[in-house]
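Below is one structure, written out as structure tokens; the observations come after it.
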Amino acid sequence: AKNCGKNNAKLYSSALTTQIMSHVKLEIGLRKALQNNELYLQYQPQIDVPSARLVGVEALLRWRHPEHGMISPDDFIPLAEETGLIVPIGAWVLRTACMQARAWHDECGRAVRVAVNLSARQFKDENLAQTVLAVLEETGLDPRLLELELTEGTLMDDAQATLATLEQLRAIGVYLSIDDFGTGYSSMNYLKRFNVRALKIDRSFISGLPQDSENAAITRAIIAMAHGLKLAVVAEGVETDEQLLLLKQFGCDMAQGYLLGQPSTEEVIGEMLMNTAAT
Ligand code: C2E
Ligand code: CA
Ligand code: CA
Ligand code: CA
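Numbering (our numbering), first residue to last: -9 to 269.
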């Protein structure tokens, strides 16, 4: 039994070392990723459900590591938050997305809203509103065409700084939405208090539709509540025609998901915009 314990301890510590090593390596890599141009954005279409028109895109961050290839945002965003690297990286995402939205507007003659994900750590940065304002001025993008996606967790933390930042962003006139709605501490209180424009229903509620009657009930209730509060609703992770049809019946405003478009390059989005230019 003693031997066994010893072996276990050894195994454990070596596994732990590997974990720490790769964590440190990842961190060193991430510090260099921005300056080495390893980061880029993809854009996923958001469709107006009644008209099937492309009305917006969500900017999604990508990291192509020179040795390890593609690393998922689910793996490196948490690390970027822990280390604070999300602040400079997030500012780069914001500037790149706004420049791109302005370019689409100029090249395709058609306004398209660009949504940028903001992490809680960025929200705690007292310079956030200043950064947003500077980027909008630099790019000349209409503030209404910039959507900032916040999570419930970010909003629940109603520290003085968070409230002040929200107030400043509202004054700038950007479009605020709540991401992954229904997965956090969904307090209906903050929906009243914070003047957001839209809710994004999390993919976990959409994926079982139309068969899953509980998720169907939740989705329908979220849409009804949002409309009662004059908020728009975006369904995330729409993958099938049946899901889209049900969402249409529920009166869902917008939809995003593989059925409507994969995360794509700016060229692909530009072509979609050209093909659906205002007539
Ligand atoms: P999210 O904000 O909820 O983004 C939606 C995720 O769902 C994206 O994953 C997207 O590729 C994926 N997705 C879209 N449609 C479908 C579908 O029909 N089916 C399925 N199964 N998945 C779909 P991705 O790109 O891997 O991003 C993961 C998360 O990383 C994002 O979740 C977001 O929380 C975070 N993230 C991505 N880019 C940024 C960024 O620039 N800043 C920050 N702070 N977070 C980011
Ligand atoms: Ca999002
Ligand atoms: Ca989401
Ligand atoms: Ca998410």
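For every residue, glycine included, the Cβ atom is placed at its ideal position computed from N, Cα and C.
Apart from sequence neighbours up to five positions away, the residues of its chain that approach residue 233 with a beta-carbon distance below 7 angstroms are 196, 199, 200, ordered along the chain.
Distances from the CA of residue 58 to each of 33, 20, 175 were compared; the closest alpha carbon is that of 20.
From the listed residues 49, 35, 76, the smallest Cα separation to residue 23 is found for 76. Shown here, residue 92 sits in a helix according to DSSP, grouped into three states. Here DSSP, grouped into helix, strand and coil, assigns residue 55 to strand. Around residue 92, the same chain offers 129, 130, 131 as residues with beta carbons nearer than 8 angstroms, after the five sequence neighbours per side are excluded.
With a cutoff of 7 angstroms on beta-carbon distance, residue 226 and residue 182 are scored as not near each other.
Of the other Cβ atoms in all chains shown, 16 or more fall within 10 Å of the Cβ of residue 144; this residue is therefore buried. Of the other Cβ atoms in all chains shown, fewer than 16 fall within 10 Å of the Cβ of residue 255; this residue is therefore exposed.
When secondary structure is reduced to three states using DSSP, residue 150 falls in the helix class. Chain-ordered, the residues whose CB falls short of 6 angstroms from any heavy atom of ligand 2 come out as 48, 107, 139, 169.
Membership of residue 201 in any alpha helix (DSSP H) is not indicated, and neither H nor E is assigned to it by DSSP.
In the structure shown, the three-state DSSP call for residue 192 is coil. Residue 155 is a Cβ neighbour of residue 113, given a cutoff of 7 angstroms. Shortest gap from the CB of residue 229 to any heavy atom of ligand 1: under 6 angstroms.
Residue 226 has its CB nearer than 6 angstroms to a heavy atom of ligand 3. In its chain, beyond the 5 residues on either side, 28, 60 have a beta carbon closer than 7 angstroms to the beta carbon of residue 54. Assignment of beta strand (DSSP E) within the segment 58 to 142, counting only whole runs of 3 or more residues, yields 59 to 61, 103 to 107, 136 to 141 in chain order.
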